[in-house]
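Colleague:
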Amino acid sequence: MEQISEYFSKYISIMTALVTPIIGAIVAYIAYQQYRIRRYEVRMSMYDKRYAVFETVMEYLASVVEHGKADADKARLLLRSAAEAQFLFDEEIEKFIKDVYHHALEDNTLQWRFDKAQTPELRDPIIEKQNQVLDWFECELHHAKLLFDPYLKLGRF
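Just so we're on the same page, our numbering is the position in the sequence shown counted from 1, plus 565.
1) Roughly how many whole angstroms lie between the Cα atoms of Ala593 and Met580?
2) How many Å lie between Val629 and Asp655 at the Cα?
3) Using a threshold of 8 Å, state whether the C-beta atoms of Ala647 and Tyr616 are closer than that.
4) In the DSSP assignment, the alpha helix (DSSP H) including Gly589 goes from what residue to what residue?
5) Spatial neighbours of Ala637 within its chain, please: C-beta separation below 6 Å, excluding the five flanking residues on both sides.
6) Whose CA, out of Glu620, Gln598 and Tyr600, lies closest to the CA of Leu717?
7) Tell me whether the beta-carbon of Gly653 lies closer than 8 Å to the beta-carbon of Lys614.
8) Please state whether the Cβ-Cβ distance between Gln676 and Lys634 is less than 8 Å.
9) For Ser570, which residues from the same chain have a beta carbon less than 7 Å from its beta carbon, with the 5 sequence-adjacent residues on both sides left out?
10) Is the separation between the beta-carbon of Leu626 and that of Leu706 shorter than 8 Å?
11) Grouping DSSP H, G and I as helix and E and B as strand, with all else coil, what is Leu719?
12) Compute the distance between the beta-carbons of Phe679 and Ile662, then report whether it is under 8 Å.
13) If you draw a straight line from the C-alpha of Arg608 to the C-alpha of Phe573, how long is it?
14) Please report the residue range of the alpha helix (DSSP H) in which Thr674 lies.
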C-alpha cells in the first residue's frame, strides 16, 4: 500500500510540475492567435483604404481612355488621392498618381491650345501630342493594375 501511495505522490508532483508549463503554452498559443487576428484586421483596414485609392485611379484612367480626354474636375479628385496615398503606399504609387495628374493637366492644356489654334498647321502638332498623351493613359491603365497589385494582396491569414 505504501508503494501505491508513494507512486501516486510522485505522479501528483509530476502532474503539478507540468500544469504550469501547459497553461503557459496554452496562453502563448492564444496570444499568438490574437496577434495574427489583429495583424489581419490591420491589413484589412489598410486594404479598404488602399482599394479606394486604387479604384479612384482606375476609374479616372478608364474615363480618360473611354472619353478621349482628361476631365479637370476628376483630376482634382485624383490629386486628393495622391495626398492620401503618401500615407498608404510607397513613394512609387504617390509618384504614379502625380504623373497621371500632370498628364491630365497636359491634356487640358493641349485642348486649350487646340481650341485657340486657327490653322491646320498649328493644330496638327497639337493633335499628335494629344494622341501621345492619350496613348500614355491607355498604357498606364494596364500598368496601374500591376503597380497596385502588391499592395492589394491580403496574403494568408
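Cβ atoms here follow ideal geometry from the backbone N, Cα and C, with glycine treated the same way. Remember, it's a predicted structure, so these values are computed and weren't measured experimentally.
Modeller: Well, looking at it:
1) 20 Å
2) 25 Å
3) no
4) Unbroken alpha helix (DSSP H) run through Gly589: Glu567 to His632.
5) Asn673
6) Glu620
7) In the sequence as displayed, the identity of residue 653 is Leu instead of Gly. Yes, they are a contact pair.
8) yes
9) Excluding positions up to five away in sequence, the list is empty.
10) Yes. Within cutoff.
11) In the structure shown, Leu719 sits in coil (DSSP, three-state: anything other than H, G, I, E or B).
12) no
13) 52 Å
14) Glu656 to Lys681
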